[in-house]
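Heads up, the sequence shown is in the working numbering, so the first residue is 50 and it goes up one at a time. C-beta atoms are modelled at their ideal positions from N, C-alpha and C, and glycine is treated no differently.
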Amino acid sequence: MRNREFWIALGVGALAGGVAALLYAPQSGAQTRKKLKRGIEDAGEALEDAGDYLRDQAEYLSREAQKLIERSKGQFEDALDAASGVATKAAKSVQKLV
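Shown next, in the form of structure tokens:
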């Protein structure tokens with residue numbers, strides 16, 4: 050029973066709000082529709098600009114990540130060469146001792 054009362058109260062409240070909005074509207078419906086249309090167009094342009102910005106940032110981050118990978122690869126190869134040199138020297142030292 051309470052569920053039914055809730056929906057009736059919600060409907061009456063929505064109806065009262067709609068009537069009050071129509072009575073106190075500062076402009077005609079045509080003007081309101083124009084403003085809404087303009088607002089939707091502006092929002093579309095803003096979303097398009099945001100999409101362009103995000104695409105540019107993704108491309109920039111991709112290029113920077115690629116540079117970092119290449120730099121790290123070179124450093125890894127240098128460290129591997131150094132470790133290989135140390136291992137070779139250690140092996141020679143062990144052979145001299147034996």
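- Return the Cβ separation of T81 and A70 in integer angstroms, given the expectation that the two are a contact with Cβ distance under 8 Å. In the sequence shown, residue 81 corresponds to position 32, counting from 1. In the sequence shown, residue 70 corresponds to position 21, counting from 1. Not really, about 10 Å apart at Cβ, beyond 8 Å.
- Message: For Q124, report the span of its alpha helix (DSSP H) as first-last.
- Response: Taking the first residue of the sequence shown as position 1, residue 124 is located at position 75. Counting along the chain, the alpha helix (DSSP H) containing Q124 begins and ends at 78–146.
- Query: Taking DSSP as the reference, what is the three-state secondary structure of A74?
  - Reply: Residue 74 sits at position 25 when you count from the first residue of the sequence shown. The answer is coil: DSSP assigns A74 none of H, G, I, E or B.
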